[in-house]
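Student: Using the UniProt record's numbering, you'd call the opening residue of the sequence shown number 1 and step up by one each time.
Glycine included, C-beta positions come from ideal geometry on N, C-alpha and C.
Keep in mind it's a predicted model, so treat the numbers as computed, not measured.
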Amino acid sequence: MPRVLAELQTQVDSLDEVKAQYYHEVIESEEEVWEFILSKVSLMVRSQLEVSERIASKGSSDPVQRLAWLNFAGYRDRQRARSGRPTQARPAPAACGPARRASPVPQVPQHAVRGLPSRAAGTQHGPVF
Numbered sequence: 001m002p003r004v005l006a007e008l009q010t011q012v013d014s015l016d017e018v019k020a021q022y023y024h025e026v027i028e029s030e031e032e033v034w035e036f037i038l039s040k041v042s043l044m045v046r047s048q049l050e051v052s053e054r055i056a057s058k059g060s061s062d063p064v065q066r067l068a069w070l071n072f073a074g075y076r077d078r079q080r081a082r083s084g085r086p087t088q089a090r091p092a093p094a095a096c097g098p099a100r101r102a103s104p105v106p107q108v109p110q111h112a113v114r115g116l117p118s119r120a121a122g123t124q125h126g127p128v129f
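1) Between which two residues does the alpha helix (DSSP H) harbouring Met-44 extend?
2) I need the straight-line Cα distance from residue 135 to Phe-36, nearest angstrom please.
3) CA-CA distance, Val-51 and Met-44?
4) Quick check: what's the CA-CA separation for Val-12 versus Val-18?
5) Roughly how many angstroms separate the alpha carbons of Glu-30 and Tyr-23, rounded to a whole number?
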């Protein structure tokens, strides 16, 4: 009988080893799956953060600031005109910089114009070619 009990005990021990090995494999595979999920979630969160930062930065870009300043200044001038208070000159904000001048209109030399039909010779919509 002791021999049967010893054999039974070795089978139980080998079964415990198989269970332990199985649980370790399950834990390792779960860790791999969770690491994969974590990498995908972190990529998604990082992408959402970048999109949010880009949207937020558009509100502080120079063209948007310039438009906001000009629209606000026009609104403020209209309010002052309605209230009867005189408007005061104000400097442009530093972010906007000096106002750009329109590009100069190119001058066509007179010798290039000679020989072209005049506007009076053409129709109402333009010269006849």
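Tutor: For this structure:
1) 2 to 58
2) Residue 135 lies beyond the residue range present for the chain, which begins at 1 and ends at 129; the question has no answer from this structure.
3) If you take the alpha carbons of Val-51 and Met-44, they lie about 11 Å apart.
4) 10 Å
5) 10 Å
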